[in-house]
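The structure under discussion appears below in the form of structure tokens.
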Amino acid sequence: MHNLINQIHCELLPQIQLESLEPHNPIVVHYLPQPWQLLGIGNYAAVVSHPDYGNLVVKIYAPGRPGFEEEVEVYRRLGQHPAFSECFYAGQGFLILKRLQGVTLY
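Below is the structure:
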């Protein structure tokens, strides 16, 4: 986990370019450094993965979007549950989550 956190801080966060254009529309990812892969976008965050960490994803909140602290609290309350992801780490504006396989609902 330490290596992934280091890669997030040294590679991903300094280079990723994402923008929130309108509160009720998905964010826009303008640039994502290699080898990170975009898995999905929502109204306030993007979810990316790194090929070296296939069982984890990183959820990055767009600047200015609310809800980060509330989501951290929801994951804390859920703990481990087979129907939901699990939060392994909460950093400044990003979460490291258990990757769930399946179809996105957005």
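All letters in the sequence shown, in the order written, are residues 50 to 155 by our numbering. Glycine included, every Cβ here is placed at the ideal spot set by N, Cα and C.
Item, Value
"Quick one: residues in its chain with C-beta nearer than 6 Å to the C-beta of residue 67, no 5 flanking neighbours on either side, listed in chain order?", "76, 78, 95 and 111"
"What would DSSP say about residue 127, mapped onto helix, strand or coil?", "helix"
"According to DSSP, is residue 73 part of a helix, a strand, or is it coil?", "coil"
"Determine the DSSP secondary structure at residue 51, reduced to helix, strand or coil.", "helix"
"Keeping to the same chain, check which residues put their C-beta closer than 7 Å to that of residue 113; ignore five residues upstream and five downstream.", "69"
"By DSSP, does residue 68 sit in helix, in strand, or in coil?", "strand"
"May I have the straight-line CA-CA distance separating residue 53 from residue 102, to the nearest angstrom?", "8 Å"
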